[in-house]
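Protein chains in written order, with our numbering: chain A, 1 to 111; chain B, 1001 to 1116.
Glycine residues also receive a C-beta, built at the ideal position from the N, C-alpha and C atoms.
Bear in mind that the values here come from a model prediction, so they are computed numbers and not experimental data.
What follows is a single structure, written as structure tokens, with notes after it.
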Amino acid sequence: AQRVTQPEKLLSVFKGAPVELKCNYSYSGSPELFWYVQYSRQRLQLLLRHISRESIKGFTADLNKGETSFHLKKPFAQEEDSAMYYCALGGGETSGSRLTFGEGTQLTVNP
Amino acid sequence: GAVVSQHPSWVICKSGTSVKIECRSLDFQATTMFWYRQFPKQSLMLMATSNEGSKATYEQGVEKDKFLINHASLTLSTLTVTSAHPEDSSFYICSASHRDRAETQYFGPGTRLLVL
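Structure (structure tokens):
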């Protein structure tokens, strides 16, 4: 069964500090991992995908299959990064694969 | 590009009535659309997956007759909550995946349903 765990519901850091949002997954197949972000009063939007290995808004995430983790990191947090972050796991075998979401982590970046 | 809209953005209805929520992909053809439900301060729970022109696939525990899903075209899917009850009150979110980038879902803004 697919499962995504985000152990921290709330995370608070100061501006300029490094931030890491943890995500662990459980999946027997070949995983596709995503990070979605939801800013206040806005819709959920894709932040990054592990397969593209790109950096968006200074965020990066590396898939660690040995630790079954996909932690989201940013070296210097900004106030505008304050949002709800969801880690999601997709199966990848078929088109339009369903996603399993973690519980989410509310990040607050204090000035 | 890849914009998904939902209508209405919020709705209040009486217990026992049915409510229809529309999900549209505005600038792309969505081969697959997904319907989620989100309770306050909780994650998104997938309710069903619908492919254009075929029956929706419902997740375990989701009543097919309660939550009717229709995906009649590549740009429109509807979710009808039949005989709504107060426990159906929730935030319903749809997403759509593009034919050429099937692994990425684009989300609608959500519909807040309140059943009195």
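Check                                                                                                                                                                           : Outcome
In this structure, how does DSSP classify E1103 of chain B when only helix, strand and coil are distinguished?                                                                  : strand
Among A:F76, A:G29, A:C23, A:G90, which residue has its Cα nearest to the Cα of A17 of chain A?                                                                                 : A:F76
E1087 of chain B by DSSP, collapsed to three states: which one?                                                                                                                 : helix
Quick one: give me the first and last residue of the beta strand (DSSP E) that E20 of chain A is part of.                                                                       : 19-21
Please classify Y39 of chain A as buried or exposed, where buried requires at least 16 neighbouring CB atoms within 10 angstroms.                                               : exposed
With a threshold of 6 Å on Cβ separation, who are the neighbours of K73 of chain A within its own chain once the five nearest residues in sequence on each side are excluded?   : E20, T60
Does the distance from the C-beta atom of T1017 of chain B to that of A1084 of chain B stay below 8 Å?                                                                          : yes
Quick one: is P31 of chain A buried, meaning 16 or more other Cβ sit within 10 Å of its Cβ, or exposed?                                                                         : buried
Residue range of the beta strand (DSSP E) that S97 of chain A falls in?                                                                                                         : No beta strand (DSSP E) holds S97 of chain A; DSSP gives it neither H nor E.
Does the distance from the CB of K15 of chain A to the CB of T105 of chain A come in under 8 Å?                                                                                 : no
With a threshold of 6 Å on Cβ separation, who are the neighbours of R1099 of chain B within its own chain once the five nearest residues in sequence on each side are excluded? : Q1029, T1031
What in chain A is Cβ-close to E1046 of chain B, meaning under 9 Å?                                                                                                             : Reading off the sequence, residue 1046 of chain B comes out as Leu, not Glu. Within 9 Å Cβ-Cβ: R98, L99, T100, F101.
In angstroms with no decimal places, state the Cα-to-Cα distance between T94 of chain A and L33 of chain A.                                                                     : For T94 of chain A, the predicted model reports a pLDDT of 46, less than 50, meaning its position is unreliable and no value from the coordinates is stated.
Using the Cα positions of I1119 of chain B and L1113 of chain B, report the straight-line distance between them to the nearest angstrom.                                        : An answer regarding residue 1119 of chain B cannot be provided, because it is not within the stretch 1001 to 1116 covered by chain B.
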